[in-house]
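Visitor:
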Amino acid sequence: MSHRVIIVLFLLMLSMLSAVEENVLLGEWIMDDGKIRSHAFQEPDSSYSAVITWMKKPNFPDAHPKAGQPATDVRNPDESLRTRPVIGIKFLNGLEFNGKLWKHGRFYYPRTGKSYYCSISVKSAEVAVLRISLDIWGKLGKDYYWYR
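Residues 83 to 230 (this note's numbering) make up the sequence shown, in order.
And the structure:
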């Protein structure tokens, strides 16, 4: 084989590996404490997002005035969104894949109504690390593990 054919085949294999690696984020994930499940997907603009699909405790607690009813986004800064159910909320958005990890995303925390910077690195097809931080570089933050 000529060197050109080998180089083309190598580049083709490399591009296929990148696509497989990029798609490993897609699908269902369980947060490390087992209390929340989410579904990660790719948006039409090629960024990545995730929605909450299940919660161990999906209803307001007994001490809440709405005890027993499905939990809603009561602390959202946008008053018009405070009645939406927590299950179904897009809590991750804007993640961009750079060949190694997904970064430049935003994480919305319904419990506080606040948003943070986030990135995700995938350790294997079964384990990912969600980094939530106060700063865009991820220096002032905490890691949370996701499992399949």
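Yeah, the Cβ is synthetic: ideal placement off N, Cα and C, and Gly gets one too. Please read these numbers as outputs of a predicted model, since none were measured by experiment.
Within 10 angstroms of the Cβ of residue 106, are there 16 or more other Cβ atoms? Answer buried if so, exposed if not.
Guide: Residue 106 should be labelled exposed.
Visitor: Are the beta-carbon atoms belonging to residue 177 and residue 226 less than 8 Å from one another?
Guide: In this structure, residue 226 does not lie closer than 8 Å to residue 177 by Cβ.
Visitor: Grab me the residues of residue 223's own chain with a C-beta within less than 6 Å of its C-beta, minus the 5 sequence neighbours each way, in chain order.
Guide: Correct list, in chain order: 213, 214, 215.
Visitor: Please list the terminal residues of the continuous beta strand (DSSP E) segment that includes residue 135.
Guide: From DSSP, the beta strand (DSSP E) with residue 135 extends over 130-137.
Visitor: Span of the beta strand (DSSP E) holding residue 189?
Guide: Looking at the DSSP string, the run of the beta strand (DSSP E) that includes residue 189 is 184-191.
Visitor: Taking the straight line between their C-alpha atoms, what separation do you get for residue 228 and residue 204?
Guide: So the alpha carbons of these two residues sit roughly 9 Å apart.
Visitor: Tell me where the beta strand (DSSP E) around residue 175 begins and ends.
Guide: Unbroken beta strand (DSSP E) run through residue 175: 172-179.
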